[in-house]
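Presented below is the structure to which this report refers.
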Amino acid sequence: MSGSTIMASRVPGVRCLASWRLLMHNVWMILDASHLSPRKTLTWWVILASACLYADCNSASSRAGAPPAEVAPHSAPVASASVRPSRSPPDLPQRRGRVNDYADLLSAAEEAELGELYAGLERELGCQVALLTIQVLPNLSIEEYSLAVANAWALGRRGVDDGLLITVARDNRSVRIEVGYGLERLITDELAAEVIGRMTPEFRTGRFFVGLKEGSNEIIQRIHAKAELIGQRKR
């Protein structure tokens, strides 16, 4: 989710005008209060003096160019307002196949080998796995970006939701395993963290293919071992 903050600019003289209206109202009340007791009449004179002081202070504040005051998002600004725009969605990469090496981390032969791993899983169990590598993340976290890509690519079978996306952002040194609801009981958050923990040491030495192959094999073995849970969502 995104939010916005509304800043209201203070307009010189607005609050001062309101204060003078209060002042004139109080003057009228005092002039009309001749029937009041001396104590109540004195009270009205105190109100009059306070109104004068408030008007003078606000006039001075406007002349001094006081900083704008922050307004809660759901309140209406009393003057002009500017809204900070939310982040626009980035241009997502097109899906080329099962292996989408936009960061050029793999050779053609390595891409083919990983692609065959993912294709074998899909032939045997129907689960759809894809790999995406990019050079740098746009103005999104790895979690936001990976989820956006997985949704755009519509990984997984309809009604089963058994898709899985491995995302590598090279320059950010970030890795994410995005799992469909139909695989959550097999590829838990803990297991995904373990797989990433085994891949990243290889990435640090530039051996991206070794790390990706090792991690992919572990994911595929886990899915085969718990194939009866495919499509079953966490409760």
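The sequence shown begins at 0 in numbering that gives the first Met the number 0 and counts up by one. By construction, the Cβ of each residue, glycine as well, lies at the ideal position given by its N, Cα and C atoms.
* Using three-state DSSP, classify proline 66 as helix, strand or coil. => Position 67 of the sequence shown holds residue 66. Bear in mind that the predicted position of proline 66 carries a pLDDT of just 38, short of 50, making it unreliable; the figure below should be weighed with that in mind. Coil.
* Spatially closest choice to alanine 147 from Gly214, Val128 and Pro92, by CA coordinates -> Counting from one through the sequence shown, the residue named residue 147 turns up at place 148. Nearest C-alpha to alanine 147 among Gly214, Val128 and Pro92: Pro92.
* In three-state terms, what does DSSP make of alanine 147? -> Within the sequence shown, residue 147 is the residue found at index 148, counting from 1. DSSP places alanine 147 in helix when its eight states are reduced to three.
* Near serine 36, which residues of its chain fall below 8 Å by C-beta distance, leaving aside the five closest residues on each side in sequence? -> Numbered from 1 along the sequence shown, position 37 holds the residue referred to as residue 36. In this prediction, serine 36 has a pLDDT of 48, which is less than 50 and means its spatial position is unreliable; what the coordinates show is noted afterwards. If we look at serine 36 and ignore the five residues flanking it on each side, it has no Cβ neighbours.
* To do: Return helix, strand or coil for aspartate 100, following the three-state DSSP convention.
  => One-based indexing of the sequence shown puts residue 100 at position 101. Three-state result, aspartate 100: strand.
* Give the straight-line distance between the Cα atoms of glutamine 231 and aspartate 161, rounded to the nearest whole angstrom. => Within the sequence shown, the letter at position 232 stands for residue 231. Within the sequence shown, the letter at position 162 stands for residue 161. Cα-Cα distance, rounded: 9 Å.
* Asked: Roughly how many whole angstroms lie between the Cα atoms of glutamine 127 and leucine 154?
  -> The count along the sequence shown starts at 1 and reaches residue 127 at position 128. The count along the sequence shown starts at 1 and reaches residue 154 at position 155. Computed Cα separation, rounded: 6 Å.
* Drop a sphere of 10 angstroms on the beta-carbon of arginine 234, count the other beta-carbons inside from all chains shown, and report buried for 16 or more, exposed for fewer. => The count along the sequence shown starts at 1 and reaches residue 234 at position 235. By the 10 Å Cβ count, arginine 234 comes out exposed.
* Work out the CA separation of aspartate 103 and leucine 185 for me, nearest whole Å. => Position 186 of the sequence shown holds residue 185. Position 104 of the sequence shown holds residue 103. Cα to Cα, the separation comes out at about 30 Å.
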